[in-house]
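*Asks:* One structure follows; several queries about it will come next.
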Amino acid sequence: MSPLRLAVLEADTPVPRTFARHGGYAGVFSYLFERAVAPEPLSSLLTITAHDVVSGGAEAYPDPDTVDAILISGSKHNAFDNDEWIVRLVDYVRDVVQNQPRIKVIGICFGHQIVGRALGAKVGRSDKGWEISVTETELTEKGKEIFGGKKTLSLQQMHRDQVFTVPDGAELLASTDRCMNQGFLIPHRVITVQGHPEFTAEIMDELLELRHESGLFTDEMFEEARARNGDHHDGVFAAQALLKFLQDR
24 MSPLRLAVLE ADTPVPRTFA RHGGYAGVFS YLFERAVAPE PLSSLLTITA HDVVSGGAEA
84 YPDPDTVDAI LISGSKHNAF DNDEWIVRLV DYVRDVVQNQ PRIKVIGICF GHQIVGRALG
144 AKVGRSDKGW EISVTETELT EKGKEIFGGK KTLSLQQMHR DQVFTVPDGA ELLASTDRCM
204 NQGFLIPHRV ITVQGHPEFT AEIMDELLEL RHESGLFTDE MFEEARARNG DHHDGVFAAQ
264 ALLKFLQDR
């Protein structure tokens, strides 16, 4: 069987040390999936292409005939804004879901919110504040099925926006006290997670440091989040579930 062709729609550029190590988000996700399939080589299962949808214009998007799946990355931007590139991304995702049944869709954090918006869900700024660093989510029955029978899933988080409703035809996968919609599924078509399975402890450390230095995070938020950071999250496990979703036909 030929490797699946995954197009990563890069909705942002990683922070400096992360970019120096991995390049864009296609590189960050490649590193995640490499660990998820080890010791098997990733190239035997997946080929990944990068698409800069922020500054690349309409030409950045892959021809649907050349891909089997798309993954929309996280971003510092707001999925509910109406910047030209964000509206174009929402329209592209909606078209793929509605008119390209062969192509599967994965949404991560901002990408989860973009997919929600494309499918008619309410997306906006939460009044419950930030979720940051490693956070335990409670899985629904469908979530337990997708994530190997686990009752909870711990993922890195970096968001204060969220999807407030579940799109028609989708099934909720997980929740936290601060964020009801931590991911949803349309079987064989769409899967999203609000968390960041691709974030390592090092990536989270860099983000926490930069946002603390900028004043976005208070000393208390920073110290509490840094204490919870580490490699004890389920990012690689979640990536294995995402790969299974891609491979199921």
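In terms of this note's numbering, the sequence shown opens at residue 24 and continues consecutively.
We put the CB at the ideal spot given by N, CA and C, even for glycine.
1. With distances taken Cα to Cα, identify the nearest neighbour of residue 181 among 118, 201, 44 and 42.
2. If you count every other CB in all the chains shown that lies within 10 Å of the CB of residue 269, and 16 or more means buried, which is it?
3. Between the region 257 to 265 and the region 167 to 177, do at least 3 Cβ pairs fall closer than 8 Å?
4. Look up residue 30 in the DSSP assignment and say whether it is helix, strand or coil.
5. Contact check, residue 113 vs residue 213 under 8 Å by CB: the rounded distance?
6. So, with DSSP's three-state summary, where would you put residue 45?
7. Mind checking which residues open and close the beta strand (DSSP E) that includes residue 24?
8. If the criterion is Cβ atoms closer than 8 Å, does the pair residue 190 and residue 239 meet it?
9. Near residue 91, which residues of its chain fall below 8 Å by C-beta distance, leaving aside the five closest residues on each side in sequence?
10. Where DSSP assigns a beta bridge to residue 120, which residues make up the other side?
11. What is the C-beta distance between residue 119 and residue 95, in whole angstroms, given that I count them as a contact (C-beta under 8 Å)?
12. Would DSSP call residue 104 helix, strand or coil?
13. Can you find at least 3 beta carbon pairs, one from the region 31 to 49 and one from the region 225 to 233, that sit closer than 8 Å?
14. According to DSSP, is residue 179 part of a helix, a strand, or is it coil?
15. Identify, in the order they occur along the chain, each residue of the same chain with its Cβ nearer than 7 Å to the Cβ of residue 194, setting aside the five sequence neighbours on each side.
16. In the DSSP assignment, find the unbroken beta strand (DSSP E) run with residue 157 in it and report its ends.
17. Apart from the five residues just before and just after residue 99, which ones in its own chain have a Cβ nearer than 7 Å to its Cβ?
18. For my contact list, residue 136 and residue 256 are in at a C-beta cut-off of 8 Å; report their separation, rounded to the angstrom.
19. Secondary structure at residue 272, three-state DSSP: helix, strand or coil?
20. State the DSSP-derived secondary structure class of residue 198, mapped to helix, strand or coil.
21. DSSP three-state label for residue 224, please.
22. Does residue 56 come out as helix, strand or coil in the three-state DSSP assignment?
23. Assuming the contact rule is C-beta atoms closer than 8 Å, residue 131 and residue 216 should be a hit. Round their C-beta distance to whole Å, please.
24. At which residues does the beta strand (DSSP E) containing residue 185 begin and terminate?
25. For residue 75, report the span of its beta strand (DSSP E) as first-last.
*Replies:* Quick answer:
1. One-based indexing of the sequence shown puts residue 181 at position 158. For the residues 118, 201, 44 and 42, the minimum Cα distance to residue 181 belongs to 201.
2. As a working note, residue 269 is residue 246 in the sequence shown. The residue in question, residue 269, is buried, as its Cβ has 16 or more Cβ neighbours within 10 Å.
3. yes
4. The sequence position of residue 30 within the sequence shown is 7, counting from 1. Residue 30: strand per DSSP, three-state reduction.
5. Locating residue 113 in the sequence shown gives position 90, counting from the first residue. Locating residue 213 in the sequence shown gives position 190, counting from the first residue. Contact flag wrong, Cβ pair sits at about 14 Å.
6. Start at 1 with the first residue of the sequence shown, and residue 45 comes out as number 22. In this structure, residue 45 counts as helix in the three-state DSSP scheme.
7. Counting from 1 along the sequence shown, the entry for residue 24 is found at position 1. Counting along the chain, residue 24 falls outside any beta strand (DSSP E), and DSSP gives it neither H nor E.
8. Numbered from its first residue, the sequence shown carries residue 190 at position 167. Numbered from its first residue, the sequence shown carries residue 239 at position 216. For residue 190 and residue 239, no; Cβs fall outside 8 Å.
9. Here residue 91 is taken as the residue at index 68 of the sequence shown, counted from 1. Same-chain partners within the cutoff: 27, 28, 29, 125, 126, 127 and 269.
10. Translated into the one-based positions of the sequence shown, residue 120 becomes position 97. In DSSP, residue 120 forms no bridge with anything.
11. Here residue 119 refers to the residue found at position 96 when the sequence shown is read from its first residue. Here residue 95 refers to the residue found at position 72 when the sequence shown is read from its first residue. Not a contact, Cβ separation roughly 10 Å.
12. The residue labelled residue 104 in the question sits at position 81 within the sequence shown. Residue 104 falls in the coil class under three-state DSSP.
13. yes
14. What you label residue 179 is simply residue 156 of the sequence shown in a count that begins at 1. Strand.
15. Mapped onto the sequence shown, residue 194 falls at position 171. Contacts found: 165, 207 and 208.
16. Counting from 1 along the sequence shown, the entry for residue 157 is found at position 134. Its beta strand (DSSP E) spans residues 154 to 162.
17. In the sequence shown, residue 99 corresponds to position 76, counting from 1. Hits under 7 Å: 35.
18. On the sequence shown, residue 136 is found 113 positions in, with the first residue counted as 1. On the sequence shown, residue 256 is found 233 positions in, with the first residue counted as 1. Contact doesn't hold; Cβ gap of about 20 Å is too wide.
19. For the purposes of this step, residue 272 is identified with residue 249 of the sequence shown, where counting begins at 1. Correct three-state label for residue 272: coil.
20. Counted from its first residue, the sequence shown places residue 198 at position 175. DSSP places residue 198 in strand when its eight states are reduced to three.
21. On the sequence shown, position 201 is the one that residue 224 refers to. Residue 224 falls in the helix class under three-state DSSP.
22. One-based indexing of the sequence shown puts residue 56 at position 33. Of the three classes helix, strand and coil, the one that applies to residue 56 here is helix, per DSSP.
23. Here the question's residue 131 lines up with position 108 in the sequence shown. Here the question's residue 216 lines up with position 193 in the sequence shown. Their Cβ separation, rounded to whole angstroms, is 6 Å, which keeps residue 131 and residue 216 in contact under 8 Å.
24. Sequence index remark: in the sequence shown, residue 185 carries index 162 (1-based). 184 to 186 is the extent of the beta strand (DSSP E) around residue 185.
25. For the purposes of this step, residue 75 is taken as the residue at position 52 of the sequence shown. Under the DSSP assignment, residue 75 falls in the beta strand (DSSP E) whose first and last residues are 69 to 75.
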